[in-house]
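If you count by the numbering used here, then the sequence shown holds residues 1 to 123, one letter each, in order.
Since the structure comes first, as structure tokens, the remarks are kept for the end.
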Amino acid sequence: MTELPILVVDDEEEFVSTLVQRLRKRGWAGEGVLSGSAAIARVAANDFAVILLDMRLPDMDGGQVLREIKKIRPESRVVILTGHASASEGEEGIKNGAFDYLLKPVEFETLLEKLQAARDCSP
């Protein structure tokens with residue numbers, strides 16, 4: 001599989017580290033950040049094919065991060081991944097430009113399928 005640049009945005013450091021390692025083992029390039037402001041800075045500096053975004057971050061609301069990402073790079077494909085979301089919160093994210101949403105805990109294979117679908121979707 002061709003390397004896919006992916007950004008994992010979550011406030012749980014161990015989760016981010018483990019997920020990035022597992023993605024790399026599957027041939028997906030990527031990195032992780034622990035805050036909304038760090039995510040916005042990385043998106044401004046780099047083009048990521050898919051951004052996995054937690055809705056509850058220590059410095060700002062995930063919805064705000066999503067809106068900022070879409071201002072910087074409207075073509076970005078964002079998948080909301082959170083343990084805090086409700087279906088209505090996920091649907092609100094989609095209205096604001098997210099590709100889709102998943103609730104934690106999520107099976108790794110399900111996550112990979114969603115990332116593949118987001119990557120393959122035309123911007």
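Glycine included, every Cβ here is placed at the ideal spot set by N, Cα and C.
Between which residues of its own chain and residue 21 is the CB-CB distance below 8 Å, once the five residues before and five after are set aside? Only residues of its own chain outside the window of five on either side were considered, and among them none has a CB closer than 8 Å to the CB of residue 21.
Among residues of its own chain, excluding the 5 on either side of residue 1, which ones have a beta-carbon nearer than 6 Å to its beta-carbon? Because the pLDDT at residue 1 is just 45, under 50, the model does not fix this residue reliably, and the value given afterwards should be weighed accordingly. Beyond the five residues adjoining it in sequence on each side, residue 1 comes within less than 6 Å, by CB distance, of 27 in the same chain, given in chain order.
Pull up the distance between the alpha-carbon of residue 54 and that of residue 82, whole angstroms please. So the alpha carbons of these two residues sit roughly 5 Å apart.
Sequence-distant residues of the same chain with beta carbon closer than 6 Å to residue 68, five excluded per side: Cβ within range, chain order: 40.
Pair within 8 Å by beta-carbon distance, residue 51 and residue 7: For residue 51 and residue 7, yes; Cβs fall inside 8 Å.
If you measure between the beta carbons of residue 77 and residue 108, is that distance less than 8 Å? No, the pair does not count as a contact, with Cβ atoms beyond the cut-off.
With residue 91 as the anchor, note down where its alpha helix (DSSP H) starts and where it stops. Residues 87 to 95.
Inspect the beta-carbon positions of residue 102 and residue 111 and report whether they are closer than 8 Å. For residue 102 and residue 111, yes; Cβs fall inside 8 Å.
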